[in-house]
Every structure is written in C-alpha cells, then in structure tokens.
Amino acid sequence: MVKDGRQGKVNAKGYYIYEKGAKPKPDPSVKHVIEEYRKQANTMPGGKPVTLMDQDILEMIFFPVVNEACRVMDENVVIRASDLDIASVLGMGFPKYRGGLVFWADTVGAPYIHSKLSKWAEMYGPFFKPSSYLEQRAKSGVPLSAPGTSQQGSARSRM
1 MVKDGRQGKV NAKGYYIYEK GAKPKPDPSV KHVIEEYRKQ ANTMPGGKPV
51 TLMDQDILEM IFFPVVNEAC RVMDENVVIR ASDLDIASVL GMGFPKYRGG
101 LVFWADTVGA PYIHSKLSKW AEMYGPFFKP SSYLEQRAKS GVPLSAPGTS
151 QQGSARSRM
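Under full-length UniProt numbering, think of the first position of the sequence shown as 1, with each following residue one higher.
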C-alpha cells in the first residue's frame with residue numbers, strides 16, 4: 001500500500017476514500033491487495049489453507065501456557081499446582097469457574113494436550129514442543145496437578 005503511495009490520512013489515500021467533510025468510505029480499488037494478503041496470511045507451510053475453529057484457537061493459546069506451567073512445576077519453582085491455579089486466576093484473569101489453569105488442564109487431559117502440542121511442534125516448530133513433565137504425565141496417566149517425584153526438596157521461590 002505504501003509503495004502505491006497510499007499513506008492514509010496523510011495524502012487522503014489508503015484503505016479509505018477521504019473526501020472533504022465526509023466520513024471515510026472503504027476504497028474498492030484496494031480490495032485486490034487485501035485479498036492477496038489474506039490468501040498469504042491464511043496458509044500453512046506447504047501452502048495449505050488454514051481453517052481454525054474456536055476450539056483450535058483456544059487450544060493454541062492455552063496449551064503452550066499449560067506446557068510452561070508444567071516446566072515451572074518440574075523445576076520446583078512452585079510448591080504445588082494449585083499455586084499456579086491461583087496465579088492464573090488472579091494474575092492472568094483465567095476464569096474462576098474453570099478452577100485455574102492446571103485444574104482446567106486436568107479436565108482436558110494431559111494425553112490430549114501432549115498430542116496436540118506434539119503435532120504442532122512438527123508443523124510449526126519447537127515453540128510447541130511438549131515439556132518432559134507433560135510428556136511423563138501424559139504417558140503415565142497421572143494428573144498434572146498431582147504431586148510428582150521431581151518435587152524433591154522445596155520450591156525455589158518462597159513468598
């Protein structure tokens with residue numbers, strides 16, 4: 001758009017048509033530009049179109065957070081999983097009625113979360129790679145919130 005000299009209000013050309021004294025109106029001549037970028041933005045590696053449902057979006061946002069919570073528990077940064085539940089409700093605004101992040105993750109199930117993260121790690125890279133704690137819990141069937149063997153000794157952070 002900038003290469004085409006469309007700088008918005010600066011030169012009265014952009015996504016909108018700016019006429020003196022009138023409310024800006026969408027400029028139909030930029031529709032082709034928008035469509036081209038929309039096509040580019042809606043593709044995965046390999047050029048396949050992405051179709052995401054609300055559930056997919058929720059999982060792609062919260063499963064990495066659950067994964068990080070698993071790392072925190074594995075490293076004994078917290079004393080118990082419920083500490084993360086409280087922090088997620090009070091600090092992140094996680095819905096109280098869901099019981100907190102780890103509690104919610106237990107209702108979803110470690111095996112399901114692990115399988116989705118593993119799939120995304122293959123598709124999108126290491127950001128989604130499941131932590132060893134999550135992997136162990138998924139394989140053993142032990143809830144994420146259950147005290148684990150890695151919790152030998154006290155947590156590093158005490159308030």
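Cβ atoms here follow ideal geometry from the backbone N, Cα and C, with glycine treated the same way. All values derive from a computational prediction rather than experimental measurement.
Could you check which residue in the options has the C-alpha nearest to that of residue i?
i	options	result
residue 147	120, 80, 127	80
residue 106	66, 38, 128	66
residue 86	104, 75, 76, 74	104
residue 143	126, 112, 129	112
residue 124	39, 53, 23, 64	64
residue 114	68, 91, 82, 54	68
residue 25	120, 73, 12	12
residue 92	120, 61, 118	61
Assuming contact is defined by CB atoms lying nearer than 7 Å, are residue i and residue j in contact in what I supplied?
i	j	result
residue 59	residue 116	yes
residue 27	residue 34	no
residue 15	residue 2	no
residue 145	residue 77	no
For residue i and residue j, which I take to be in contact (beta-carbon distance under 8 Å), what is that distance rounded to the nearest angstrom?
i	j	result
residue 100	residue 84	7 Å
residue 140	residue 71	That belief does not hold up - the Cβ atoms of residue 140 and residue 71 are roughly 17 Å apart, past 8 Å.
| message | For a minimum of 4 consecutive residues, which ranges assigned as the alpha helix (DSSP H) are wholly contained in the region 8-50? | response | At a cut-off of 4 residues, the continuous stretches assigned as alpha helix (DSSP H) that sit fully inside the region 8-50 are 31-41.
| Touching or not, the region 89-96 and the region 133-145, by the rule of three or more beta carbon pairs under 8 Å? | Taking a cut-off of 8 Å for Cβ pairs, the region 89-96 and the region 133-145 do not touch, as fewer than three such pairs fall below it.
| Unbroken stretches of the alpha helix (DSSP H), 4 residues or longer, contained in the region 75-123 | You should have 81-92, 101-108.
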